[in-house]
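So the sequence shown is residues 478 to 577, counted in the working numbering.
Glycine is no exception: its CB is placed at the ideal position from the N, C-alpha and C atoms.
Below: one structure, written as structure tokens.
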Amino acid sequence: MSVGFSHHANADKDNAEKPISCDFFRLEKGSPLVHTYMCDEMKIITKGEFQISDETGQTVSAKPGDVFYFPRGTKATYTTESYGVGFYVWLFHSRRSDEC
Numbered sequence: 478m479s480v481g482f483s484h485h486a487n488a489d490k491d492n493a494e495k496p497i498s499c500d501f502f503r504l505e506k507g508s509p510l511v512h513t514y515m516c517d518e519m520k521i522i523t524k525g526e527f528q529i530s531d532e533t534g535q536t537v538s539a540k541p542g543d544v545f546y547f548p549r550g551t552k553a554t555y556t557t558e559s560y561g562v563g564f565y566v567w568l569f570h571s572r573r574s575d576e577c
């Protein structure tokens with residue numbers, strides 16, 4: 478299960494000079510999380526461990542301190558043997574809050 482924390486920060490979507498947002502997420506052992514990135518996104522692993530694979534078949538083991546870049550349109554699958562926590566920042570390509 479992916480759980481978003483309550484400390485979501487968001488730039489002013491109406492200001493073209495501040496088109497970014499950030500948040501934490503947590504994944505517990507269980508069903509894989511499959512996510513298609515609607516925005517360019519950077520992620521740093523802060524706790525635990527993830528196995529991350531993409532549609533090309535590339536798989537990495539992500540540990541605290543590892544940093545990843547996911548271009549818009551990337552489809553990634555996350556799994557974990559116990560849990561993992563990541564901090565991520567994404568860049569809006571649009572001023573609408575529901576698209577990047």
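M519 versus S508, G525, F502, Q535, residue with shortest Cα-Cα distance
F502
For P509, which of K552, F564, W567, V566 has the nearest alpha-carbon?
K552
Quick one: what does DSSP say C499 is sitting in, helix, strand or coil?
strand
Looking at L504 and G584, is the spacing between their C-beta atoms short of 7 angstroms?
No information on residue 584 is available, as it lies outside the stretch 478 to 577 that the chain covers here.
State the Cα-Cα distance for the pair D517 and F545, rounded to the nearest angstrom.
11 angstroms
Those residues which DSSP pairs with G561 across a bridge
L504, G525
In whole angstroms, what is the alpha-carbon distance linking F527 and I497?
24 angstroms
What is the rounded straight-line gap between the Cα of Y555 and the Cα of G563?
11 angstroms
Beta-carbon gap between T536 and S530 smaller than 7 angstroms:
yes
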